[in-house]
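J.:
Chains as they are written, first to last, in my numbering: chain A, 1 to 513; chain B, 514 to 622; chain C, 623 to 805; chain D, 806 to 1523.
1) Buried or exposed, going by whether 16 or more other CB atoms sit within 10 Å of the CB of residue 374(A)?
2) Based on Cα-Cα distance, which residue from 1269(D), 957(D), 1089(D), 1245(D) lies nearest to residue 1116(D)?
3) Would you kindly work out how many angstroms separate the C-alpha atoms of residue 1069(D) and residue 929(D), rounded to a whole number?
4) Which of the three DSSP states is assigned to residue 1382(D) in this structure?
5) Less than 8 angstroms between the beta carbons of residue 888(D) and residue 934(D), yes or no?
6) From residue 1505(D) to residue 780(C), what distance separates their C-alpha atoms?
7) Quick check on DSSP: helix, strand or coil for residue 795(C)?
8) Starting from residue 974(D), trace the alpha helix (DSSP H) both ways and give me its first and last residue.
9) Residues of the stretch 1483-1501 of chain D in Cβ contact with chain C at a cutoff of 7 angstroms, in chain order, please.
10) Per the DSSP calculation, residue 1181(D) is bridged to which residue(s)?
11) Can you tell me the Cα-Cα spacing of residue 1305(D) and residue 906(D), whole angstroms?
12) From 872(D), 868(D), 892(D), 886(D), pick the residue whose C-alpha is nearest to that of residue 1341(D); which is it?
13) Taking the alpha carbon of residue 1021(D) as the reference point, which residue from 1348(D), 1094(D), 1480(D), 1253(D) has its own alpha carbon closest?
14) Quick check: the Cα distance between residue 611(B) and residue 726(C), rounded to an integer number of angstroms?
15) Measure how close the beta-carbons of residue 325(A) and residue 426(A) come, nearest whole angstrom, since I'm counting them as under 8 angstroms.
16) Give a yes or no on whether the minimum CB-CB distance between residue 526(B) and chain D is below 8 angstroms.
17) Nearest by alpha-carbon distance to residue 87(A): which of 406(A), 309(A), 348(A) is it?
18) Per DSSP, which residues does residue 81(A) bridge with? Please list them.
19) Spatial neighbours of residue 627(C) within its chain, please: CB distance less than 8 angstroms, with the 5 preceding and 5 following residues excluded, ordered by chain position.
20) Should the stretch 219-234 of chain A be called in touch with the stretch 289-297 of chain A, which here means at least 3 C-beta pairs below 8 angstroms?
21) Can we say the stretch 495-504 of chain A touches the stretch 673-688 of chain C, given the rule of at least three CB pairs closer than 8 angstroms?
22) Check the Cβ-Cβ distances between residue 719(C) and every residue of chain D, and say whether any is below 8 angstroms.
23) Spatial neighbours of residue 200(A) within its chain, please: CB distance less than 6 angstroms, with the 5 preceding and 5 following residues excluded, ordered by chain position.
24) Under 8 angstroms by Cβ, that's how I've got residue 1106(D) and residue 1230(D) pegged, so tell me the actual separation to the nearest angstrom.
25) I'd like to know if residue 1470(D) contacts chain C, where contact means its C-beta is closer than 8 angstroms to some C-beta of that chain.
26) Please report the residue range of the beta strand (DSSP E) in which residue 1576(D) lies.
27) Quick one: which chain B residues come within Cβ less than 9 angstroms of residue 652(C)?
28) Per DSSP, what are the beta-bridge partners of residue 197(A) in this structure?
29) Which residues in chain C sit within 7 angstroms of residue 547(B), going by Cβ to Cβ distance?
30) Assuming residue 875(D) is part of the alpha helix (DSSP H), what are its boundary residues?
31) List, from N- to C-terminal side, the beta strand (DSSP E) runs of 3 residues or more that fit wholly inside the stretch 1013-1073 of chain D.
32) How many Å lie between residue 1388(D) and residue 1073(D) at the Cα?
33) Looking at residue 816(D): is its Cβ nearer than 8 angstroms to the Cβ of residue 957(D)?
34) Could you say if the stretch 1031-1046 of chain D and the stretch 1084-1099 of chain D meet the contact criterion of at least three C-beta pairs nearer than 8 angstroms?
35) Looking at the C-beta of residue 799(C), does it have a partner C-beta in chain D at a distance below 8 angstroms?
36) Can you give me the Cβ contacts of residue 667(C) inside the same chain, cut-off strictly under 6 angstroms, excluding the 5 residues immediately before and after it?
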């Protein structure tokens, strides 16, 4: 079931719903129900988008395209240009899934409910927009649009030092985007006819070349990288993440870790790998170095955390480092690059989204009922909350890369790919999985197991509604773990093209030398 | 009498008005100084209208008068400004029993 | 050679400058206000010299007739009239800034080639300006009425309307501000 | 021919049971507690029948090669899944399903009153499925996946009583230590994949296990696809994984702690099957190891050393299950040593027999625990009167473990020692000799600790059981182990528990005839030496031949075993417990507990009956520091957990990194924010609130613009 405007509808349905809530939905119960219905509808739409993507050999690269001229060709030549390919379709699915889960995870919000759901829906819309826009100006617009709702969610409905964290998040990201804006303008100006069309830059024939670029290509590469690295986040620009996560409300954490970090990884794959094949191979060693540092450093710091959310946040730093390690696989010998590493990186985006989403939903449940996230104060919850505990344990095991769950597949693909390029670095990053086992099991042991505590005697388990996101995410984690091909065959359609470009470029350079 | 002499007189008036506007502490005196500056500006506008503007005279006689129209607008705005300015002075006087400008710094951060 | 116009100009110049100086230095605000009226009248004289007779009349009506009176009212209504016009702490900055600006303006006025209209056309301009209000046809013109009024409601109708709105707003604003809080 | 679906069904039956229990029974039918157990048992019966069918077919030489199925296809990173039904697998499948079935039957009795019984059987199903998946895997990634899943089930089952902190900690420890080994395994897999292009050049798949075997073999053109250092590295990686799972030194310390799990779990997972997976793994890649002599030597030495060192630790443990755990480590060491010496058949044969007698011993320990309420042998004694069946069965298991003719353990252990004695394998004869000495010494120790255990448990007088232990712990002010209960009811365990033990005992007694003695041509339709021939037929590449029966070795090992039993009898069975009353000998306790013990003893003496006196002294304690060293397990736990993990890593390294993160990395961020704020504050001083000051500044700006225009902008208007 596909029709023109499907993608536009998918992206803008949450925004329309937000407008509707603003204008005529009244009453907290009504607002919640309405948001839930919209979330479900958007989830179904994103599933439809994912299924509608033609994975065949001769299929067009970008599909379900909606394109209207926005700013006329004589001036800026920007257009409203949405479309999905193998890289973005799973991301749309992820956003739909986590958006729906975030809405249910927000059920216990009691203050300013209307406002809250408006921001949440706008956030979902902005992230969807980032994943689907194929015009740089539009991409940037969505990229920035997502900041405001997240800022509001953290600053208004958060806990702890919420304004500090919200502001920190905002400043970090805006700083990164500033670099990206420079790069986007330079890229637009570098082309024969000013254009913001991203698809042109992905095709070998019309790609930027060093001779005509307004700024050196390597500078452009790093300008883009700066924006995406902050979002990913990679060491050493990761420190906004623990603060933002710790103080954000559950749903915001889910969206933040689940989809917003993925914008960074998506940007890296789409722009840095897709549009700068020469630079990404030249700088692969630096990318993988940053990745390995993030993996190990993140893991070591995670071990010291005593706040559940902070712990998960640092583990995200570690796991998103694997995305960089996977991208580092393009540093293999000229013409020898394979899709394994990049597929692993892309899959890691999806799997980490569901896993961390599940972790945050679970921790949110615990916090809501036990009123603490401080690990030494917890303990013995498994007996009181078996469903939540089981979900948290499954997420934890997926996070430490247990086979049969999704994290394993992406990790092993990343390692397979990266080892071809940088064996020592890869071995170091593999050590991260021992540390992952350490902190995840420590967390499970201290928070779920152990003797039951007196003051948790009347805790209740997740209600059926609260169990819905848990079940959905667990199902997706197990599905990807057992049958990853349903995602990787989609990712691969996009990644094969990138790898071909990189290999052609590399052998071309080698030939010249 | 020439354009330059007219401009110089206007400049002197403007500078005097400026000095008054910056250096007086009484709000009413400041407003009066501002009026002098308005007049200086009007003088230059009219002088330009008289000596410079009508290059297009032969095509359209109306452009000769543009300077004067400007002056009329300035006078109108000045009148409005005085009406409001004095209104503020009264309000301020009523609230603080003072019309000293240096004391009016409540809007500072 | 000094023409009548020049003499008048110089007299007016001296009067206006001295009166303006008086406005800003005299301690007594009431006297300042009176001197301000002198400045206004001198400027009206300049307008006449510049063959903008209509403007001169407006100047006298509005400035001398209305604004000066308003000032005097204001001074009367705020009780500390007599010791009001004290200088503040910004004397030296104010003088230096004003002097600098003055020098700059004079330099600009003298150094710029203003490309004035040729002497020959001066009379034509003067008569056109003088007749702007009356609208009487002139020899060089084919008798169309091109008065200020026509300009105001023709080419400048939008600013005109805007200014009328501004006046209305000022009227209401003035009322609202001056009205005592209780009533 | 066996249909592929039937072979898959062996794996799918317990998996199905897991899904049914966890998705249907546990949420909806939890009120019928035994239901899940019956379901799993039914599934296992089917699986066992199928396994035996497969084994028979395989023995008849049927073609059991099935094509692989694509799981993930990304260009050259294609991962397939498939079945590899070689003789090793067929044996393992029968062992796993068989022992698992018996243990589940036993569990019906043992776990009867546990509220989490459905969860227990769900985990057990998951474990059995994963273990079967592991042995059936044809692809190394698939094998790794199940390898980790058995680790998961082990984690879940060790921590089954998750409200006991010690159980939760032991589960975590087990998972993390095995994971350290698994990283080596994973790296070996990645390294294999790295060689993908070389494999592909020969038409091989770098992840398909038979292809990996082939790759290690010398090519006609000289060299090998996988040879030299690369092969050694791969082998060492695989061995690291195996060592972690099989509790080989230095990754052994998790296995004794793993005894926190329910006893049937210990029997199935930590004795019979999962821990043997390490041996299975090395056997699975035996064609690689054969080509890598350095790796073989490492395997042999590590195995031999582990066999000996673990046996020494078994001497002094008070906990019956811990004795058994060290015994398991030691026996796994035998198997590893055998593999390292090239004795492929004997290693697997020992794995096979060990599965039976060790499972039997553990189930017996569980049975004893049911009666005495504790696992601490100091509080047992004299149980042979109340529990004759258990006693008899344990005696069979113990004798089998010690290696007494004609029980199964004798035949399998003897083959290993013979291999070491002959030293004909690929390793240096001196290494073989060293291993031989270690193994014989270990045999002596094995006999000693096994009978120490039997004497302490079943002979003498009863010393109070769990009730007494709780009392003493209270009196001494130290927390009692959580597994101790005061329910002491000295009686034989129910039939549902004894029957599986009986079956295991029969197997433990008779399984040896599947291999030896070779001079018997045929016994009950089974040809002599059948097991070894059959298993060795799995080696498509390379060659291994089990040495024939060797009289001198048989005599030596029997004498050594009898000597050990005799020593144990002298030290333990001769003693009268009452003689120990009041006799406070230095037991090897840490100095801290010593102080509390001194005063606690006096209070404890007041209400002490002679008949109920716990065994206060340990005869071996006379060895002084040596005993302390053993009792504290060579201080390895202290070294790993106390020093390396807690201090060096957690406190200093992680602490420093965390501090740096908060203060340096984030500090720079906060510093820049602080600087910005200070600059803002400074500039805000200009915001005086004085309109006229602002005006002056504005005019100043205007002047600057004017000056600028006059000075530089003369041409602008032109």
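By construction, the Cβ of each residue, glycine as well, lies at the ideal position given by its N, Cα and C atoms.
T.: To lay it out plainly:
1) Residue 374(A) is classed as exposed because its beta carbon has fewer than 16 other beta carbons within 10 Å across all chains shown.
2) 1245(D)
3) 10 angstroms
4) Note that residue 1382(D) scores a pLDDT of 48, beneath 50, so its modelled location is shaky and nothing firm can be said.
5) Result no, Cβ atoms of residue 888(D) and residue 934(D) do not sit closer than 8 angstroms.
6) 34 angstroms
7) helix
8) 970-999
9) 1497, 1498, 1501
10) 1124(D)
11) 9 angstroms
12) 892(D)
13) 1094(D)
14) 36 angstroms
15) 7 angstroms
16) no
17) 348(A)
18) Residue pairing by DSSP places residue 81(A) opposite 67(A) in a beta bridge.
19) Excluding sequence positions up to five before and after residue 627(C), its CB lies within less than 8 angstroms of the CB of 671, all in the same chain and listed in chain order.
20) yes
21) Fewer than three pairs of CB atoms, one per stretch, sit closer than 8 angstroms, so the stretch 495-504 of chain A makes no contact with the stretch 673-688 of chain C.
22) Under the Cβ criterion of 8 angstroms, residue 719(C) is counted among the residues facing chain D.
23) 206
24) Not confirmed; about 13 angstroms, so no contact.
25) no
26) No answer is possible for residue 1576(D): the residues shown for chain D start at 806 and end at 1523.
27) Within chain B, no residue has its beta carbon less than 9 angstroms from that of residue 652(C); the closest one is some 10 angstroms off.
28) 135(A)
29) For residue 547(B), no chain C residue has a C-beta closer than 7 angstroms to its own C-beta; the minimum C-beta separation is roughly 11 angstroms.
30) Note, residue 875(D): premise wrong, no alpha helix (DSSP H); beta strand (DSSP E) at 874-877.
31) none
32) At residue 1388(D) the pLDDT is 39, less than 50, meaning the model places this residue with poor confidence and gives no usable figure here.
33) no
34) Contact between the stretch 1031-1046 of chain D and the stretch 1084-1099 of chain D is present, because at least three Cβ pairs lie under 8 angstroms.
35) no
36) 634
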